[in-house]
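See below:
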């Protein structure tokens, strides 16, 4: 089959290429590519003619995402509902053969098909990416309305949507890698959107370079997979990699493969020690922070590990590494978030911390819990970021929380939605964050990763604390807003507040919906069976769980599980009340004043911890020392070596040749008698030598 | 002009003198005498070639060297014929050939000098420096 006529045939609904086995895709062969094609068209259109559209540049991109959202939801619900052809294990279609070197079944052949694959995991990601993507697009209409780069912003956003959707839909590691780099590119473009600002340009560069470090690992991991099994199709490769007894014949051991893939995930999901780029990425416009750096792109690493769960399950040591790095990132970032004063940075470190939770869940083998948290976190962190954007908008681009305060009355919609988001992330039932976080902690404990649970509980205290510190400093207490700006503080237009309220709905309900009819509430209401998300994702994670050999523990609401829930709710409350005590609270019944004196005394008691948190545990300084100072010296030495030794050797050879030529050239006077003299002298020398030799 | 004439005459006398001394030293039939004369002639030719600036004089010096060589060839052939008579004729033939070649060489050389003279307007070879540029 030649590459050219295939996409057309596939799009026209021909079943020959699209079918997996006997079942044809029918309309899905058209609809699934459309999810990507629509934003792509929006991007191309806006990039080409957006400049002339002025303030109506958003129409096409937002419309494209809206349509893609409709189709995506239709696809997702059919996939989750198990409609044919999706069934239980998803449906894949091949668009065309991208690289065809050798016959597909011949040894050493390198064949890469571009295709899409939709199963329940993809469907979950589609819901998160498309819904938040659509809301952020709508929100940006208001947020970016005064920006001269209006059209450019929407073009980039659409490019990001294309890349992210390709990432979750692609069925080949190589295509996933392409999408992986594309989301990196759009992230770079959007962080540096205000490119005239030096800090933004530097942050974009930092994000790009740090991501490259992880990407090297991912690329090597893909190569290792190819070396081992000779195919890059995700499902096929995983099947071959985890086949019974196959591991012994692989040239590259599984733990290296898993570790390399995890390196890629660490870069994209900003896990320690590659976490340094995410806080700086907040230099981008706030909708970008919400979409890319909180709700979608940073989840790509979690998605990748979840997608390749059987590979990780066959390397249990790497799973422990994943869990350790995840939970360490969680506590590290949470400790930094407690002292930051930039509202977006607090949220950025919070995102790091929550991503750490997800990796901890993956590491202990609670894959479903990780995806659960990915989904709820996507919604409530998207909400919090968009809310922070609304706050920043209200106080005229001020991001320092020390210059906010008392905003609750002035921007009520933003205040209410952010309060909902904060309660959700703090883990207070029955909001979404409680269910997913509690599932992670409970699973960690029950799977005998007690240390993960213990650290996770500490992180939960910190989470509740820093979120209500943020709310207290921003919305409660007395106003510290610049008096010049104070009278102009205003609520954002409805195009911005509506997405906030829409996001508040899943923030409240998603946990409940996805966990019913399973624990923790199901048994209490007399319902039976696993939770909705468990039911959806069971086929995806079944292979990994079989390899791990985890047994489904009996759920005991009035035993261990109830105790764990009680513990996490209790610590969340402790964190919340502590924050109220120190930074004030203005809820109806509770009215406490902030107590800066006590804050000062408390921080003075642990000066080292306070300074460490304030300075982000000096990781930026460490990187500066390692790569700028020491690395710079090394580079300077190498440069010197290149100039003085390598270059000079070559130059000296050339100079000697030229000099010798010039010296010898002087003999060539052009005067015939000099040459004759030479001949005569030569003759005499020859004759003389002959005589001397003959006389002996 | 007189000086040149005097110089040449003195040199000729000197050479003749040396030749007579050589003859006297070697008896009536001495190879050494011929060779000494030939060497002297060759040396004079070489000196003239290296020292004179005039291209015509240099050409004449070349003729002198050629004739010195010719003289030694004839002398060797004549003495070698004492053992084998065939050498006498062969030596003469070689000498004749050298003369022929020398005539040709002189013709070509002279015409080159004429051509250069037309361009440079000088017979002095140290001004023929086009090759060094």
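Chains as they are written, first to last, in our numbering: chain A, 448 to 1143; chain B, 50 to 182. Note that the Cβ used here is the ideal one computed from N, Cα and C, for glycine as well. A quick note: this is a predicted structure, and the numbers were derived from the prediction, not measured.
Interface residues of chain A facing residue i [CB-CB closer than 7 Å]
i                      : result
residue 164 of chain B : Near residue 164 of chain B there are no residues of chain A at all, since even the closest Cβ is about 15 Å away, more than 7 Å.
Which of helix, strand or coil DSSP assigns to residue i
i                       : result
residue 173 of chain B  : strand
residue 546 of chain A  : strand
residue 62 of chain B   : helix
residue 619 of chain A  : strand
residue 564 of chain A  : strand
residue 1068 of chain A : helix
residue 1115 of chain A : coil
residue 541 of chain A  : strand
residue 727 of chain A  : helix
residue 764 of chain A  : helix
residue 605 of chain A  : helix
residue 680 of chain A  : strand
residue 1008 of chain A : helix
residue 132 of chain B  : coil
residue 847 of chain A  : strand
residue 476 of chain A  : helix
residue 463 of chain A  : For residue 463 of chain A, the predicted structure reports a pLDDT of 40, less than 50, and the residue's modelled location is therefore unreliable. A value from the coordinates is still provided. Correct three-state label for residue 463 of chain A: helix.
residue 1062 of chain A : coil
residue 962 of chain A  : helix
residue 1051 of chain A : helix
residue 164 of chain B  : helix
residue 150 of chain B  : helix
residue 672 of chain A  : helix
residue 702 of chain A  : helix
Within chain B, the residues that residue i reaches when beta carbons sit closer than 9 Å
i                       : result
residue 659 of chain A  : What residue 659 of chain A touches in chain B: nothing, since even the nearest Cβ is about 60 Å away.
residue 1123 of chain A : 95, 98, 99, 107
Which listed residue (the options) has its alpha carbon closest to that of residue i
i                       : options                      : result
residue 957 of chain A  : A/729, A/643, A/979          : A/979
residue 880 of chain A  : A/797, A/530, A/754, A/928   : A/797
residue 519 of chain A  : A/629, A/550, A/508, A/616   : A/616
residue 745 of chain A  : A/1021, A/934, A/726, A/558  : A/726
residue 157 of chain B  : B/105, B/100, B/101          : B/105
residue 742 of chain A  : A/754, A/850, A/611          : A/611
residue 635 of chain A  : A/882, A/587, A/728, A/1141  : A/728
residue 938 of chain A  : A/866, A/868, A/862          : A/862
residue 80 of chain B   : B/177, B/61, B/121           : B/121
residue 684 of chain A  : A/842, A/659, A/619, A/482   : A/619
residue 751 of chain A  : A/671, A/1017, A/817, A/950  : A/817
residue 708 of chain A  : A/1067, A/769, A/782, A/645  : A/769
residue 565 of chain A  : A/492, A/574, A/866, A/907   : A/574
residue 585 of chain A  : A/1077, A/624, A/504, A/1053 : A/504
residue 571 of chain A  : A/830, A/819, A/598          : A/819
residue 1060 of chain A : A/508, A/747, A/491, A/785   : A/785
residue 866 of chain A  : A/845, A/891, A/886, A/832   : A/832
residue 720 of chain A  : A/670, A/658, A/682, A/749   : A/658
residue 807 of chain A  : A/738, A/895, A/987, A/1021  : A/895
residue 596 of chain A  : A/874, A/986, A/1024, A/493  : A/493
residue 923 of chain A  : A/1134, A/955, A/1029, A/500 : A/1029
residue 1067 of chain A : A/764, A/710, A/778, A/722   : A/722
Interface partners of residue i on chain A, CB under 8 Å
i                      : result
residue 174 of chain B : 1118, 1119, 1120
Contact set between residue i and chain A, taken where Cβ atoms lie within less than 9 Å
i                      : result
residue 114 of chain B : Those do not exist, as residue 114 of chain B stays about 10 Å from chain A at its closest Cβ, beyond 9 Å.
residue 179 of chain B : 1117
In DSSP terms, what residue i is bridged to
i                       : result
residue 558 of chain A  : A/547
residue 1038 of chain A : A/1033
residue 789 of chain A  : A/847
residue 103 of chain B  : B/173
Cutoff 8 Å: residue i Cβ touching any chain D Cβ
i                       : result
residue 1127 of chain A : Chain labels in this structure do not include chain D; the protein chains are A and B.
Legend entry - the stretch 642-653 of chain A contacting the stretch 698-706 of chain A, beta-carbon criterion three pairs below 8 Å: The way I'd put it, the stretch 642-653 of chain A doesn't touch the stretch 698-706 of chain A; fewer than three beta-carbon pairs between them come closer than 8 Å.
Legend entry - Validate contact between the stretch 578-594 of chain A and the stretch 528-538 of chain A using beta carbons, cut 8 Å, 3 pairs: Counting Cβ pairs under 8 Å, fewer than three are found: no touch.
Legend entry - contact_flag[the stretch 86-96 of chain B, the stretch 127-137 of chain B] where n(CB pairs < 8 Å) is 3 or more: As far as the Cβ criterion goes, the stretch 86-96 of chain B does not touch the stretch 127-137 of chain B, which means the pair count is below three.
Legend entry - Stretch-stretch touch, CB-based, cutoff 8 Å, three pairs: the stretch 830-847 of chain A with the stretch 751-761 of chain A: In short, these stretches do not touch, since the Cβ pair count stays below three.
Inset, instruction - Decide yes or no for the touch test of the stretch 499-516 of chain A against the stretch 478-487 of chain A: beta carbon pairs closer than 8 Å, at least 3 of them. - result: With a cut-off of 8 Å, the stretch 478-487 of chain A and the stretch 499-516 of chain A count as touching, because enough Cβ pairs lie within range.
Inset, instruction - Evaluate contact between the stretch 915-932 of chain A and the stretch 781-796 of chain A, counting only Cβ atoms and requiring at least three cross-stretch pairs below 8 Å. - result: These segments touch.
Inset, instruction - Inspect the CB distances between the stretch 638-648 of chain A and the stretch 622-630 of chain A and report whether three or more fall short of 8 Å. - result: Verdict: no, contact absent.
Legend entry - the stretch 708-718 of chain A / the stretch 663-672 of chain A touching (three or more Cβ pairs under 8 Å): Yes, they touch.
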